[in-house]
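Notes follow the structure.
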Amino acid sequence: MRHILILGGTTEARQLAAALAAEPTVRVTSSLAGRVAEPRLPAGEVRVGGFGGAAGLADWLREQQVHTLIDATHPFAQVISRNAAEAAAAVHVPLLALRRPSWVPVPGDRWHEVDSLGQAAALLSGLGRRALLTTGRLGLSEFAGVTDVHLVARSVERPDPPFPPRLTVLLERGPFTLEGEREVFQEHRIDVLVTKDSGGAATAPKLAVARELGLPVVVVRRPAPPAGGTEVADVAQVLGELGLL
Ligand code: NAP
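According to our numbering, the sequence shown is numbered sequentially starting from 389.
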């Protein structure tokens, strides 16, 4: 049995776990950070919580006799990806880094690209009056000083203070549909969207709706990924690299 560890927390990680759990020659374990109280559990074995930095992850890889490490975390989860690269190199375990391609603007898009949530917050008041904020609950505090825009913040779990003064919280979990996103924009009279460049299909419909409505979108660029491992773009490529296609 080949033991494969997936660092997860994404749609692709769950899809990959389902595919690997169906392989009789593979033992698959998914690792979740534990940020969400009731996560959607992937197929196969699951462990929850941090490893204790790169050294702790390296110990886990060694003790659990992991054959291949797959970093399928979100493109903005910088620390765990760096730890994955460091730990895999330290214990000589092959690393596959599943990095969904960035979103790319198409004709009709009105994107304003920025490098941080703070820059996004600073731009907002010039762009609209009611913003759909889809950058995650942990970053909401960066928008606490936005006083002249009503923020409709969407997240899986309730965010913690400090809150911006004009706030509506939508507790929802993707994937999202085009029709559903049209309703959100209409119901909340959204005139500007704020998003990270997460990439992938699960949360892309909001970009299509902003385009349909001719609305500005503030897009937070991705941090640079760490060096190390073999980079792949989707689940099929991972399976190909593992010789399972
Ligand atoms: P992060 O800042 O890169 O990681 C912080 C610490 O959390 C890591 O050092 C590690 O602790 C622990 N950790 C993170 N992911 C883990 C995993 N899959 N399994 C075990 N421990 C993990 O992470 P983050 O940005 O907070 O993201 C946390 C999780 O949420 C990730 O699994 C990611 O895929 C998912 N997610 C993140 C975003 C986002 O925008 N950042 C969006 C959607 C989903 P130790 O050092 O103790 O090992």
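A virtual CB, placed ideally from N, CA and C, is assigned to each residue, including glycine. Remember, it's a predicted structure, so these values are computed and weren't measured experimentally.
- Nearest in C-alpha terms to residue 602, of all of 439, 521 and 516, is 516.
- Within its own chain, the residues whose Cβ lies closer than 6 Å to the Cβ of residue 445, once the five positions on either side in sequence are excluded, are 439, 471 and 475, listed in chain order.
- Annotation note: the stretch 480–518 contains the following uninterrupted beta strand (DSSP E) runs of length 3 or greater, listed N- to C-terminal: 483–486 and 498–502.
- Inter-residue distance for residue 396 and residue 587 is about 16 Å (C-alpha atoms, whole angstroms).
- Relative to residue 409, the option among 418, 540 and 431 whose CA is nearest is 431.
- Under DSSP, the beta-bridge partners assigned to residue 418 are 394 and 434.
- Residue 394 and residue 585 have their alpha carbons spaced roughly 22 Å apart.
- Within 10 angstroms of the beta-carbon of residue 579 lie 16 or more other beta-carbons, which makes it buried.
- When the alpha-carbon of residue 467 is set against those of 427, 615, 411 and 625, the nearest one is in 615.
- Within 10 angstroms of the beta-carbon of residue 436 lie fewer than 16 other beta-carbons, which makes it exposed.
- Ranked by how close their Cα comes to the Cα of residue 389, the residues 599, 454, 538 and 576 have 454 in first place.
- For residue 581, the enclosing beta strand (DSSP E) covers residues 580–584.
- The closest CA to that of residue 496, considering only 623, 631, 598 and 611, is found on 598.
- When Cβ pairs closer than 8 Å are counted between the two stretches, the stretch 498–517 is seen not to touch the stretch 625–632, the count staying below three.
- Contact between residue 416 and residue 405 holds, since their C-beta atoms are separated by about 6 Å, short of 8 Å.
- Here residue 420 is not near residue 457, since their CB atoms are 9 Å or more apart.
- Residue 592 and residue 481 have their C-alpha atoms some 33 Å from each other.
- The continuous stretches of beta strand (DSSP E) do not include residue 530, and DSSP gives it neither H nor E.
- In the DSSP assignment, residue 609 falls outside any alpha helix (DSSP H), carrying neither H nor E.
- Boundaries for residue 630: no alpha helix (DSSP H) harbours it, and the DSSP string shows neither H nor E there.
- In this structure, the alpha-carbon of residue 532 lies about 5 Å from that of residue 551.
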